[in-house]
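Numbering (this note's numbering), first residue to last: 896 to 1214.
(1) Comparing alpha-carbon positions, which option in 922, 923, 963 lies nearest residue 937?
(2) With which residues is residue 1133 paired in a DSSP beta bridge?
(3) Report buried or exposed for residue 892, applying the criterion of at least 16 other Cβ atoms within 10 angstroms of its Cβ.
(4) So, with DSSP's three-state summary, where would you put residue 1024?
(5) Determine the direct distance from the alpha carbon of residue 1024 to that of residue 982, and round the result to whole angstroms.
(6) Going by C-alpha to C-alpha distance, which of 1115, 970, 909, 1086 sits closest to residue 997?
(7) Would you mind working out which of 1185, 1177, 1133, 1173 sits nearest residue 1162, comparing C-alpha positions?
(8) Does residue 1050 come out as helix, strand or coil in the three-state DSSP assignment?
(9) For residue 1008, does the three-state DSSP call read helix, strand or coil?
(10) Helix, strand or coil for residue 1001, going by three-state DSSP, please let me know.
(11) Looking only at its own chain, which residues have a Cβ that is under 7 Å from the Cβ of residue 1003, when we skip the five neighbours before and after it?
(12) Pick helix, strand or coil for residue 1116, following the three-state DSSP scheme.
(13) For residue 1175, which residues in the same chain have their Cβ closer than 7 Å to its Cβ, ignoring the five residues on either side in sequence?
(14) Mind checking residue 855: buried by the 16 CB within 10 Å criterion, or exposed?
(15) Whose C-beta lies closer than 6 Å to the C-beta of residue 952 among residues of the same chain, with five residues either side of it excluded?
(16) Buried or exposed: residue 1029, going by 16 or more other Cβ atoms within 10 Å of its Cβ?
(17) Taking 7 Å as the limit between beta carbons, can you name the residues of its chain near residue 1075, skipping five residues before and five after?
(18) With a cut-off of 8 Å on the beta carbons, I'd call residue 924 and residue 901 a contact; round off their distance for me.
(19) According to DSSP, is residue 876 part of a helix, a strand, or is it coil?
(20) If you draw a straight line from the alpha carbon of residue 985 to that of residue 1112, how long is it in whole angstroms?
(21) Contact defined as beta carbons within less than 8 Å: I believe residue 935 pairs with residue 907. What is the distance between those atoms, to the nearest angstrom?
(22) Is residue 916 near the ligand ATP, going by C-beta to nearest heavy atom under 7 Å?
(23) Report back the beta-carbon spacing between residue 949 and residue 1190 to the nearest angstrom; my notes put them in contact at under 8 Å.
(24) So, for residue 1131: in the same chain, excluding its five sequence neighbours on each side, which residues have a beta-carbon less than 7 Å away from its beta-carbon?
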């Protein structure tokens, strides 16, 4: 019986319907710790004897891959693969597959929700009423607001459409040679000086450097709202804190914190920060789509289901 490790936090309860397809195909399912990210040592133990792995956002270190002697494929239940050392995996003959775009709508809708919270201070008004304080803050409308979407993959496209539906003036920052119509293509240096809202939907740079450096953040248009539902490493957090304190950045909305280190704690506690615990893809619909696609990709790889084409190996993309 073939063994598959399942570690996404949304799936480790073990009763998702997608698993029935695997059981019917003769797979033994090994579940990671329920509802939390597994530690490196736990992964080293769990992955032994598994030929397949349905993985989440947990760090897949070279040490874990070294322990995975039988592993042939890692099937992500999302589009990002920056938590996997792709070169190391390729060297060991391990194919990495992605559920591209499965979570796009969920992330896009959360992004819009964060933008509305920041624009209208809805969270503060609710908190005030609960404390018996009838406090009103002057808000702003998304209609007519200049919005730059960084990354025009599946998520970026969905985000651009939602903002456009609200009447925002949307532009796109995308390094790849892809069509962005009907939205104008701009560069990041110009956008950060001119737009009122920037939202990030791209992978980290291969060199690990933040896309929004301390210098670039210092040039932001005063009153900028910054939304990050992609990756924490895209922003220089020290520079971000400085610009929040100065007021140049009016609001930072984040769905990228997965650990409460000192810098994260400072940002989460800041009055101009709205933070959520990595909720973007955590909707019933997104979880279902991602799980079904990850399972389909894995089964197809092992030719357990008929298909006209095999999933291809993938790297990071702006989706």
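Every residue gets a Cβ at the ideal spot worked out from N, C-alpha and C, and that includes glycine.
The structure displayed is predicted, hence computed values, not measured ones.
So, to answer that:
(1) 963
(2) Per DSSP, none; premise fails for residue 1133.
(3) Past the edges of the chain, shown from 896 to 1214, lies residue 892, and the structure says nothing about it.
(4) helix
(5) 53 Å
(6) 970
(7) 1133
(8) Looking at residue 1050 - three-state DSSP - the assignment turns out to be helix.
(9) helix
(10) DSSP, read as helix, strand or coil, puts residue 1001 in helix.
(11) 1050, 1053, 1054, 1057
(12) coil
(13) Close CB contacts of residue 1175 within its chain, under the 7 Å cut and outside five residues either way in sequence, are with 998, 1001, 1002, 1005, 1124, 1150 (chain order).
(14) Coverage of the chain is limited to positions 896 through 1214, which leaves residue 855 absent and any answer about it impossible.
(15) 978
(16) exposed
(17) 1047, 1067, 1069
(18) Taking a contact as a CB-CB distance under 8 Å, the pair residue 924 and residue 901 counts as one, their CB atoms being some 6 Å apart.
(19) Lying outside 896 to 1214, the shown extent of the chain, residue 876 is not represented and no answer is given.
(20) 36 Å
(21) That pair is no contact at about 17 Å.
(22) This structure does not include the ligand ATP; it has no bound ligands of any sort.
(23) 7 Å
(24) 1105, 1107, 1108, 1109, 1112
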